[in-house]
Structures are given as C-alpha cells and as structure tokens.
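Protein chains in written order, with full-length UniProt numbering: chain Y, 1 to 206; chain V, 1 to 206. The beta carbon of each residue, even a glycine, is placed where N, CA and C say it ideally should be. Keep in mind that this is a model prediction, so the values were computed, not measured.
Number of protein chains: 2
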Amino acid sequence: MASKFPEVQGGGSLIIAWQVKSKNVLVVGGGEVAAGRILHALNADAQVTVVCPVSGLNEEVAFRVSEGQVTHIDRNFEPTDLEGADMVLCAIDDPDASTQVWRLCKEKRIPANIADVPSECDFYFGSVHRDGPLQVMVSTNGNGPKLASIVRKKIAETLPDSMGAAIDNVGKLRKKLREVAPNPQEGPKRMKWHVQRPTLISSYPN
Amino acid sequence: MASKFPEVQGGGSLIIAWQVKSKNVLVVGGGEVAAGRILHALNADAQVTVVCPVSGLNEEVAFRVSEGQVTHIDRNFEPTDLEGADMVLCAIDDPDASTQVWRLCKEKRIPANIADVPSECDFYFGSVHRDGPLQVMVSTNGNGPKLASIVRKKIAETLPDSMGAAIDNVGKLRKKLREVAPNPQEGPKRMKWHVQRPTLISSYPN
Chain Y
1 MASKFPEVQG GGSLIIAWQV KSKNVLVVGG GEVAAGRILH ALNADAQVTV
51 VCPVSGLNEE VAFRVSEGQV THIDRNFEPT DLEGADMVLC AIDDPDASTQ
101 VWRLCKEKRI PANIADVPSE CDFYFGSVHR DGPLQVMVST NGNGPKLASI
151 VRKKIAETLP DSMGAAIDNV GKLRKKLREV APNPQEGPKR MKWHVQRPTL
201 ISSYPN
Chain V
1 MASKFPEVQG GGSLIIAWQV KSKNVLVVGG GEVAAGRILH ALNADAQVTV
51 VCPVSGLNEE VAFRVSEGQV THIDRNFEPT DLEGADMVLC AIDDPDASTQ
101 VWRLCKEKRI PANIADVPSE CDFYFGSVHR DGPLQVMVST NGNGPKLASI
151 VRKKIAETLP DSMGAAIDNV GKLRKKLREV APNPQEGPKR MKWHVQRPTL
201 ISSYPN
C-alpha cells in the first residue's frame, strides 16, 4: 500500500559536504590521481600534506609543493604520518601498501579513501561542478565515472553563469540580516523554520 | 602568474559519497529534521536506529518505526547509544544535549552532524536529486538552503527522465565486461586508466 511518505530508494550513497577547513588531510602518493585529490582538498581549504618520494611527484603536484600550497614529505608512507591526520586519501599503485594504510586508518578511526579499492573506502568521490559558493556533485554510485562526468558537464552548461554570483549575494544579504537581527539562541527557532517548510529537505547550512 | 594547472578555489566543501551500506547510523530525535535524515540514511542502505521518546516522533518517523524500516529506542539519548554507531545525526531542539552528543562523538571519533549547529558538524547535508543510481547533490556552502533547493529542482527539470535508466544500463554492461574479462589484480591498471583521461577528475567508483 502506498503511504503518503517518501518511499525508501536504496542503493544510494549518503552524499555529504565534509568540512575540512584547516583540517589535516594526508595524501599518500603524488601521481595524477593524487593531484585530483589534492585539488579537491585545497578547494575545501584543507591543510594538505603529501607523502611521496620527490621522484614520484607529477608536474601538478610538484607545482603545488613548490608554491607552498601543500606540505611535502619526500619519502614513502610511514605509519607515523597518520599522527594528527583528520582524513587520508591514498592514491598509490601498490595494493599491499594501500591495504596497510587502510587498516591503520581504521584502527585510528580516520576517514579514508583508497583510490580504486571500493572495499577500502569510507567514501567515494564524484564529479564536481564548482561556481563560487555553489558546488554540484554527481555520483552514479559506481555505474560509470565517465557518465558522471558527462552529467556534470550537462549540468554546468544548463546553470546560468550568474548562479554563483547570485548565491554569493544572497549569502551577503543573509549575513546582513543576522547583523540587524542577531539571535544567538535561535537554534530551536531555526529548527522550527525547517519544519514550516516541508518541501525543503536540506538543512542549514548547505 | 597563471599556471597551466587548475587554480585553487577555496571556500568549498569536500563533497563525498559516504558509504553507509549496512553501517549503523544513529539518529537522535524524531521530528521533521530527523525524518529527513532518516530518509537520507535509508536511501543509502544504512541500518538506522532512532532514539527518541515515542511522544516525540512525528508521523513520518512513527510510520518508519511501525514498518520496521528503523530500530526505535523509546527514550532520550544516553551515551551508551553510541556503542557500535558508525555515524550520528542529531536533530533535537536542545542545544545543551546536542553539544553533549557532539562531544561524545568526537571523543569516540564518530562522524557526526548536529542539525543547525554548523560548528558541531563534521559534515553538512545538501539538497539531493535522485534518479535510480544517479545522485546529484547541491551545496551552496552555507549561503542559502532555499537556493540549493531551487538549483536542485532546476537540475532535475533539465536532466532527461531516462538518465537514471541509462546509467543503470551502462552499469550492467560494465559488470558483464568484467565477467568476460575479469582481472582481480587490475588496481594499478585502472589507476593508469585514470591517468590516460586527464579530463576525468572523478575517481572510480562514483
């Protein structure tokens, strides 16, 4: 019997906006995949450390090291590298070493992604469109990275160029509004605000 | 000086597809916000436990309890509820109790989201469009939940209705291909596959 509540559609992921601002993200490896991970992490204002022998750095990673955008440890991964790490992104072509990184992360309860080993991932990456404060992430839940990329491009073409700027402006207005009518104890009220807008499934802030 | 590598655009989040399949997700609270969290978690195949006095359950949460979609603990949160929890989503109108949940989660290194308290969140939710295996998540990085919802709707209108089914079909083809040409040790090769497609920033699987 159909209920009036949304039906559960299994098979998805919990897509979330992880907050890594000023958090320590350790990237193990320095090749093309690592370069993508590093850019993702830097775009989210993380403190990024890359552990990889200098000979293994690709041009982009070497550039980010030389610009001081990331901290570089010029050797292969060692377990002590995990001290203080809030997240680990591993992208090396060595299944045994990868598995060791994964196991250590799980012992220490550090969220981790071992590239290309779905079973050794707390989370996957998707294809992300970025326009200022706006981020749109496309996941096909393992059915095809190429398709995710195509969908992302289609979305990017569709959204007005001004969307990022418009969102920026709304953000500024909201900020001003808070200055005019500050209310530090508004937690419960805002929770109510959610409740009054049943079509809005997302939570503040997003 | 402009470099040939993508420029870092700070101010974003690390948007990721968290894997909660068969993982224990504890939802603290049973109101409208909790109902949204529960649906998100169920859509990602999590094992969901809701801790909330039965009097505090809204109609949707009560429905999911009665259908056996979630496990229900009929009382307020207690620290022992965190035993075995892989993720905690807290949505109660009690700032002190919320903060206690957050602190305990951080002691135990359990990823957590305290609704409406950005400083007590490892991650935020966004507005999600779902079509079969396809998930598209919109985040405005705190600049306006309403706008995220508008952008999501616009994207949903734009994408062809057949997109989810098309992705499903590609997934089936990929699976068949793997059966025909299985290669369990293909990690390094797939890593190369990434490398050969520089326009593809996303990782397998997504």
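| Check | Outcome |
| --- | --- |
| Straight-line Cα distance separating N141(Y) from A165(V) | 13 Å |
| Between the CA atoms of G30(Y) and C105(Y) - distance to the nearest angstrom | 19 Å |
| Close Cβ partners of V8(Y) (< 6 Å) along its chain, the five nearest in sequence each way excluded | none |
| Any C-beta of chain V under 7 Å from that of P188(Y) | Below a pLDDT of 50, predicted positions are generally treated as unreliable, and P188(Y), at 47, falls in that range; no measurement from the model is reported. |
| Assigned exposure category for A181(V) - 16 Cβ within 10 Å defines buried | exposed |
| Cβ neighbours of D81(V) in the same chain (closer than 8 Å, five flanking residues each side left out) | L26, V28, T49, V51, I73 |
| Entirely enclosed beta strand (DSSP E) segments - the stretch 65-106 of chain V, minimum 3 residues | 71-73, 87-90 |
| A85(Y) versus A62(V): straight-line alpha-carbon distance, rounded | 40 Å |
| Three-pair Cβ contact test at 8 Å for the stretch 15-22 of chain V versus the stretch 40-49 of chain V | yes |
| C-alpha gap between E78(Y) and I16(Y), whole angstroms | 30 Å |
| Backbone secondary structure at R109(V) - three-state DSSP | coil |
| Residue closest to residue 239(V), alpha-carbon to alpha-carbon, out of L14(Y), V128(Y), V70(Y), G126(Y) | In the structure displayed, chain V extends from 1 to 206; residue 239(V) sits before or after that span and is not available. |
| The stretch 153-169 of chain Y contacting the stretch 155-164 of chain V, beta-carbon criterion three pairs below 8 Å | yes |
| Q185(Y), buried or exposed, once every other Cβ within 10 Å from all chains shown has been counted against 16 | No answer about Q185(Y) holds up, because its pLDDT of 49 lies below 50 and its placement is not dependable. |
| 8 Å CB neighbourhood of T71(V) in its chain, flanking five on each side removed | Q47, V48, T49, V50 |
| Residues of its chain near P53(Y), where Cβ-Cβ distance is below 7 Å and the 5 sequence neighbours each way are ignored | D74, R75, N76 |
| Boundaries (first-last residue) of the beta strand (DSSP E) holding T49(Y) | 47-51 |
| Minimum Cβ-Cβ distance from L134(V) to chain Y less than 7 Å | yes |
| Continuous beta strand (DSSP E) stretch holding V138(V): start and end | 134-139 |
| CB contact flag (W102(V), E120(V), <7 Å) | yes |
| Nearest-angstrom Cα separation, counted from V128(Y) out to G171(Y) | 21 Å |
| CA-to-CA distance, L177(Y) to C90(Y), given in whole angstroms | 43 Å |
| E60(Y) classed as buried or exposed, judged by whether at least 16 other C-beta atoms fall within 10 angstroms | buried |
| Chain-ordered chain V contacts of P53(Y) [CB-CB under 9 Å] | Neighbours of P53(Y) on chain V: none; closest Cβ ~17 Å, over 9 Å. |
| Of the residues V117(Y), F5(Y), M87(Y), the one placed nearest D93(Y), counting alpha carbons only | V117(Y) |
| Chain Y contact for V8(V) (CB, 7 Å cutoff) | yes |
| Proximity to K146(Y) [Cα-Cα], best of G126(Y), P111(Y), A34(Y), L57(Y) | G126(Y) |
| Those residues which DSSP pairs with S127(V) across a bridge | V138(V) |
| Contacts of G68(Y) in chain V (Cβ-Cβ under 7 Å) | The premise fails here: G68(Y) is roughly 12 Å from chain V at the closest Cβ pair, so nothing lies under 7 Å. |
| Collapsed DSSP secondary structure at A35(Y) in the structure displayed | helix |
| Short CB-CB distance (under 7 Å) between D96(V) and chain Y | no |
| Below-7 Å beta-carbon distance, D81(V) vs any chain Y residue | no |
| 7 Å Cβ cutoff, I114(Y) in contact with chain V | no |
| Those residues which DSSP pairs with A181(V) across a bridge | None, per the DSSP bridge assignment. |
| DSSP three-state assignment for A17(V), whether helix, strand or coil | strand |
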